[in-house]
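Chemist:
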Amino acid sequence: MEIKEKIAKSVAQAADIKSAEILDLLETPPDPKMGDVALPCFRLAKTLRKAPPLIAQEIMDKLTPPAGVSSMQAAGGYVNFFLDRTAFARDTLKAALAPDFGASDLGAGRRVVIDYSSVNIAKPFHIGHLSSTAIGHSLYKIYAYLGYRPVGINHLGDWGTQFGKLIAAYKLWGDDAEIEKDSVSAMLRLYVRFHEEAEKDPALNEQGRAWFKKIEDGDSEALRIFGWFSDLTLREAKRVYEMLGIQFDYFTGESFYNDKMQPVIDELREKNLLEQDEGAYIVRLEEYNLPPCIILKTDGATLYSTRDLAAAEYRKKTFDFHKALYVVAYQQSLHFKQLFAVLEKMGKPWAKDMEHVAFGMVSLEDGTLSTRHGKIVLLEDVLSRAVEKTLATINEKNPDLANKEDVARQVGIGAVLYSTLSAGRIKDITFSFERVLNFDGETGPYVQYTHARASSVLRKYGKADDPGADFTALDDADAFAVIRQIESFPAAILAAAEKNEPSFVTRHITLLAQHFNKYYYEHRIMDTDEKKTNARIQLTRAVQKTIATGLSLLGIAAPERM
RNA sequence: GUACCCGUAGCUCAGCUGGAUAGAGCGUUGGACUCCGACUCCAAAGGCCGAAGGUUCGAAUCCUUUCGGGUACGCCA
Numbered sequence: 072m073e074i075k076e077k078i079a080k081s082v083a084q085a086a087d088i089k090s091a092e093i094l095d096l097l098e099t100p101p102d103p104k105m106g107d108v109a110l111p112c113f114r115l116a117k118t119l120r121k122a123p124p125l126i127a128q129e130i131m132d133k134l135t136p137p138a139g140v141s142s143m144q145a146a147g148g149y150v151n152f153f154l155d156r157t158a159f160a161r162d163t164l165k166a167a168l169a170p171d172f173g174a175s176d177l178g179a180g181r182r183v184v185i186d187y188s189s190v191n192i193a194k195p196f197h198i199g200h201l202s203s204t205a206i207g208h209s210l211y212k213i214y215a216y217l218g219y220r221p222v223g224i225n226h227l228g229d230w231g232t233q234f235g236k237l238i239a240a241y242k243l244w245g246d247d248a249e250i251e252k253d254s255v256s257a258m259l260r261l262y263v264r265f266h267e268e269a270e271k272d273p274a275l276n277e278q279g280r281a282w283f284k285k286i287e288d289g290d291s292e293a294l295r296i297f298g299w300f301s302d303l304t305l306r307e308a309k310r311v312y313e314m315l316g317i318q319f320d321y322f323t324g325e326s327f328y329n330d331k332m333q334p335v336i337d338e339l340r341e342k343n344l345l346e347q348d349e350g351a352y353i354v355r356l357e358e359y360n361l362p363p364c365i366i367l368k369t370d371g372a373t374l375y376s377t378r379d380l381a382a383a384e385y386r387k388k389t390f391d392f393h394k395a396l397y398v399v400a401y402q403q404s405l406h407f408k409q410l411f412a413v414l415e416k417m418g419k420p421w422a423k424d425m426e427h428v429a430f431g432m433v434s435l436e437d438g439t440l441s442t443r444h445g446k447i448v449l450l451e452d453v454l455s456r457a458v459e460k461t462l463a464t465i466n467e468k469n470p471d472l473a474n475k476e477d478v479a480r481q482v483g484i485g486a487v488l489y490s491t492l493s494a495g496r497i498k499d500i501t502f503s504f505e506r507v508l509n510f511d512g513e514t515g516p517y518v519q520y521t522h523a524r525a526s527s528v529l530r531k532y533g534k535a536d537d538p539g540a541d542f543t544a545l546d547d548a549d550a551f552a553v554i555r556q557i558e559s560f561p562a563a564i565l566a567a568a569e570k571n572e573p574s575f576v577t578r579h580i581t582l583l584a585q586h587f588n589k590y591y592y593e594h595r596i597m598d599t600d601e602k603k604t605n606a607r608i609q610l611t612r613a614v615q616k617t618i619a620t621g622l623s624l625l626g627i628a629a630p631e632r633m
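Below, the structure written as structure tokens:
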């Protein structure tokens, strides 16, 4: 970054163009043999009204290369700059070895509310919830690293007529011991049975509605049963969160907003936004080219949207957020567009600070996930199988390793997290054990292995860094590739936050691991020249640190041995 | 029907605020452990970037149309 600014500045002087404009043009050539930084002159041709190769030549002739640039070359319509690699290595490693490399105070004093994971009461925690959980948690870490104060909210699915049905089913066929023992699975069986029986006997639905009404009215028995179900579900979910190393600041679910909806409805009325249509109350959104948003049903009951409006209002009031993110699957993108549009119509200037961080659908190889038909894969099973497989690998390759079980957990779970955070979040995922449990190539274990390998070298070296290190040892192309990648780490974090895209971090550290592994094979790190050895050790240390930081931003552990 | 998203190597994906010969991993084939960790590395094969127009000095990238796939579209969440 810094060197690009210097180049932009000197080009600006030579060509009499604004330096910011030049900085914008600067890019990295496709092949390092061409140069390290390139200035394409094609766009300048328009204003200067000269042929690009001529401009390139003229700029080069007039230019005094800034410190850090060793040579220049005009080629085609480009001016190519070759960096002084020794200086680049020294500067980059110094920055990378300082504490909190890539961190910033960009977000100082700003809160970012992140709504993620959102488990449903009485429903199993399956692989369909992994994306929201992993992406949300990673964003939490990324924003925190950039100085923001993230607020993690688990917006529990704990409201709706379904819970009336569940209680009705429990009253008819429930067995306390079975529920205590099987928890969510037992609840799910009751729920499925209810739907089956209601097909034959529609009167059951009436019972379901009645029980839901009791929940709404605060009936003590209804609340006791529902509270019991909630506790059991959360206990199960928290076990998974613990395995994943994830915490939330709040477990405020939908029911939390029950008493907070009326003021929003009143406000909509006052502002003349509420309109009765076919018996229901709606807000029209034609000017947004969106279908209307239903606020109240014909029977006067509230809906999902009503609750989310109240939640948005509450979050703004409580946290005064700088940004509010909803890490929710893209199926709900219309809902969020409507939600944001309604808030905007209500005159909330902060509506523009809210963002739906959408991600793709998870399906199984033989079709869509379906809780009701039992076509699901439990997240806990995936995690355990990944851990088991890792343990088997460790027993085979590194049987004397201490804390094998701990490491197996870190690597196995890391593999699962990595796999959901490696592709862009909008991509659909077809879940397959084969893919998740493959640990070769661009995978979590690969990156962790690189980290462990670097750690191992550093352990062997066992000495502190030497201020007199000879960085000319890092002049070769392999080292340069590694250093360049390290240098762009802070930019990758910023971009990840900007786009709410953790995969930018995943990709960045994966590439870094690849460059380092190549370097490791081509070069001996520790040799007889102490000053040169130390420079290569600093490189190794910077790689180790950067990978560890990157992994931690993804919520993945970085074991030193594996 | 309408809106949004996705089509890049056999498979999974990068690259998409336009730039120099389209990249990686998996899989396939063939190599590399007396040497700092082989969960590693090297090499080969594999592409009209869904298609057609357009804008531009230049398009995988921007615009239009079109085909294929996905998702969602008032009283579920």
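Residue numbers for the first sequence follow this note's numbering, so the first one is 72 and each next one is one higher.
We treat Cβ as the ideally placed atom computed from N, Cα and C, and that holds for glycine.
Have a look at R181 and Y219 and give me their C-alpha separation to the nearest angstrom.
Modeler: Working through the first sequence from its first residue, we reach residue 181 at position 110. Working through the first sequence from its first residue, we reach residue 219 at position 148. Going from the Cα of R181 to the Cα of Y219 covers about 5 Å.
Chemist: Can you list, in chain order, the stretches of the alpha helix (DSSP H) that have 4 or more residues and sit fully within the segment 506–534?
Modeler: 515–532, all fully within the segment 506–534.
Chemist: Can you give me the start and stop residues for the beta strand (DSSP E) that M425 sits inside?
Modeler: Position 354 of the first sequence, counted from the start, is the residue given in the question as residue 425. From DSSP, the beta strand (DSSP E) with M425 extends over M425 to F430.
Chemist: Ignore the nearest five residues each way along the sequence and tell me which others in L472's own chain have a CB closer than 8 Å to its CB.
Modeler: For the purposes of this step, residue 472 is taken as the residue at position 401 of the first sequence. The answer, listed in chain order, is I465, V478, R632 and M633.
Chemist: Within its chain, find whatever has a CB closer than 6 Å to the CB of E307; leave out the 5 residues flanking it on each side and keep chain order.
Modeler: As a working note, residue 307 is residue 236 in the first sequence. Contacts found: S254 and V255.
Chemist: Can you tell me whether DSSP reads A568 as helix, strand or coil?
Modeler: For the purposes of this step, residue 568 is identified with residue 497 of the first sequence, where counting begins at 1. The answer is helix: DSSP assigns A568 an H, G or I state.
Chemist: Taking DSSP as the reference, what is the three-state secondary structure of L344?
Modeler: Residue numbering aside, residue 344 sits at position 273 when the first sequence is read from its first letter. Three-state DSSP puts L344 in coil, outside helix and strand.
Chemist: For A308, which of helix, strand or coil comes out of DSSP?
Modeler: As a position in the first sequence, residue 308 is number 237, starting the count at 1. Helix at A308.
Chemist: Measure the alpha-carbon distance for I365 versus D337 and round it to whole angstroms.
Modeler: As a working mapping, residue 365 is identified with position 294 in the first sequence. As a working mapping, residue 337 is identified with position 266 in the first sequence. Distance between the alpha carbons of I365 and D337: 15 Å.
Chemist: Grab me the residues of A629's own chain with a C-beta within less than 6 Å of its C-beta, minus the 5 sequence neighbours each way, in chain order.
Modeler: Within the first sequence, numbered from 1, the residue matching residue 629 stands at position 558. Answer for A629: H522, A619 and L622, listed in chain order.
Chemist: Based on DSSP bridge pairs, tell me the residues matched to Y397.
Modeler: For the purposes of this step, residue 397 is taken as residue 326 along the first sequence, with counting starting at 1. BP columns for Y397 point to D186 and H427.
Chemist: Between the segment 604–611 and the segment 241–254, are three or more C-beta pairs nearer than 8 Å?
Modeler: With a cut-off of 8 Å, the segment 241–254 and the segment 604–611 do not count as touching, because too few Cβ pairs lie within range.
Chemist: Check for me: the alpha helix (DSSP H) holding T501 runs from which residue to which?
Modeler: Taking the first residue of the first sequence as 1, we reach residue 501 at position 430. That residue, T501, is in no alpha helix (DSSP H); its beta strand (DSSP E) goes I500 to F502.
Chemist: Helix, strand or coil for V482? Go by DSSP, reduced to three states.
Modeler: As a working mapping, residue 482 is identified with position 411 in the first sequence. Of the three classes helix, strand and coil, the one that applies to V482 here is helix, per DSSP.
Chemist: Under the assumption that A83 contacts K75 (Cβ atoms under 8 Å), give the Cβ distance between them as a whole number of angstroms.
Modeler: What you label residue 83 is simply residue 12 of the first sequence in a count that begins at 1. What you label residue 75 is simply residue 4 of the first sequence in a count that begins at 1. That pair is no contact at about 12 Å.
Chemist: Below 7 Å CB to CB, which residues in the same chain sit around I238 once its five sequence neighbours on both sides are set aside?
Modeler: For the purposes of this step, residue 238 is identified with residue 167 of the first sequence, where counting begins at 1. If we look at I238 and ignore the five residues flanking it on each side, its Cβ neighbours are W282, A293, I296 and F297.
Chemist: With 16 other CB atoms within 10 Å as the buried threshold, where does K165 fall?
Modeler: Numbered from 1 along the first sequence, position 94 holds the residue referred to as residue 165. So K165 ends up on the exposed side.
Chemist: I believe A109 touches A116 by the beta-carbon criterion, under 8 Å. Please report the beta-carbon distance rounded to the nearest angstrom.
Modeler: For the purposes of this step, residue 109 is taken as residue 38 along the first sequence, with counting starting at 1. For the purposes of this step, residue 116 is taken as residue 45 along the first sequence, with counting starting at 1. Not quite, the Cβ-Cβ distance comes to about 16 Å (not below 8 Å), so this is no contact.
Chemist: For E451, write down the residues that DSSP places opposite it in a beta bridge.
Modeler: In the first sequence, residue 451 corresponds to position 380, counting from 1. Bridge partners of E451: none, in fact.
Chemist: Quick one, are the C-beta atoms of G207 and L396 less than 9 Å apart?
Modeler: Sequence index remark: in the first sequence, residue 207 carries index 136 (1-based). Sequence index remark: in the first sequence, residue 396 carries index 325 (1-based). For G207 and L396, yes; Cβs fall inside 9 Å.
Chemist: Tell me the rounded alpha-carbon separation between V614 and T577.
Modeler: By 1-based counting over the first sequence, the position of residue 614 is 543. By 1-based counting over the first sequence, the position of residue 577 is 506. Roughly 14 Å between the two C-alpha positions.
Chemist: Let me make sure I understand the geometry here. Which of D541, A372 and I353 has the alpha-carbon closest to that of Q409?
Modeler: Counting from one through the first sequence, the residue named residue 409 turns up at place 338. Cα-wise, what sits closest to Q409 is I353.
Chemist: Across which residues does DSSP place P111 in a beta bridge pair?
Modeler: Your numbering for residue 111 matches position 40 in the first sequence. Partner(s): Y149.
Chemist: Which residues share a DSSP beta bridge with E98?
Modeler: Locating residue 98 in the first sequence gives position 27, counting from the first residue. In the DSSP output, where bridge partners are listed per residue, E98 has A109.
Chemist: Assign R443 to one of three DSSP states: helix, strand, or coil.
Modeler: Along the first sequence, one-based indexing puts residue 443 at 372. Looking at R443 - three-state DSSP - the assignment turns out to be coil, as it is neither helix nor strand.
Chemist: So, helix, strand or coil for I366, using DSSP?
Modeler: In the first sequence, counting from the first residue as 1, residue 366 sits at position 295. Strand at I366.
Chemist: Rounded to whole angstroms, what's the CA-CA distance from N474 to E270? Just pull it up for me.
Modeler: Sequence index remark: in the first sequence, residue 474 carries index 403 (1-based). Sequence index remark: in the first sequence, residue 270 carries index 199 (1-based). Answer to the nearest angstrom: the Cα atoms are 53 Å apart.
Chemist: With DSSP as the reference, please indicate the residues paired to P221 in a beta bridge.
Modeler: In the first sequence, the residue the question calls residue 221 occupies position 150. Its beta-bridge partners are V183.
Chemist: Could you spell out where the beta strand (DSSP E) holding L435 opens and where it closes?
Modeler: Walking along the first sequence from the start, residue 435 turns up at place 364. Counting along the chain, the beta strand (DSSP E) containing L435 begins and ends at V433 to L435.
Chemist: Measure from the alpha carbon of L356 to the alpha carbon of each residue in S326, Q318 and K416, then state which is nearest.
Modeler: Numbered from its first residue, the first sequence carries residue 356 at position 285. Comparing Cα positions, the closest option is K416.
Chemist: Starting from A248 and walking both ways along the alpha helix (DSSP H), at which residues does that stretch end?
Modeler: Position 177 of the first sequence, counted from the first residue, corresponds to residue 248. Per DSSP, A248 belongs to the alpha helix (DSSP H) from D247 to D253.
Chemist: Is R156 closer than 9 Å to A550 when the C-beta atoms are compared?
Modeler: Indexing the first sequence from 1 puts residue 550 at position 479. Indexing the first sequence from 1 puts residue 156 at position 85. Taking 9 Å as the Cβ cut-off, A550 and R156 qualify as a contacting pair.
Chemist: Whole angstroms are fine: how far does the CA of L435 sit from the CA of M143?
Modeler: Residue numbering aside, residue 143 sits at position 72 when the first sequence is read from its first letter. Residue numbering aside, residue 435 sits at position 364 when the first sequence is read from its first letter. Spanning the two alpha carbons is a distance of roughly 54 Å.
Chemist: Can you list, in chain order, the residues of its chain whose CB lies under 6 Å from that of D537, leaving out five sequence neighbours each side?
Modeler: Within the first sequence, residue 537 is the residue found at index 466, counting from 1. Correct list, in chain order: N605.
Chemist: Taking the continuous alpha helix (DSSP H) assigned at A540, which residues delimit it?
Modeler: On the first sequence, residue 540 is found 469 positions in, with the first residue counted as 1. Run containing A540: none; DSSP gives neither H nor E here.
Chemist: In this structure, does DSSP put T389 in helix, strand or coil?
Modeler: The residue given as residue 389 occupies position 318 in the first sequence. Correct three-state label for T389: helix.
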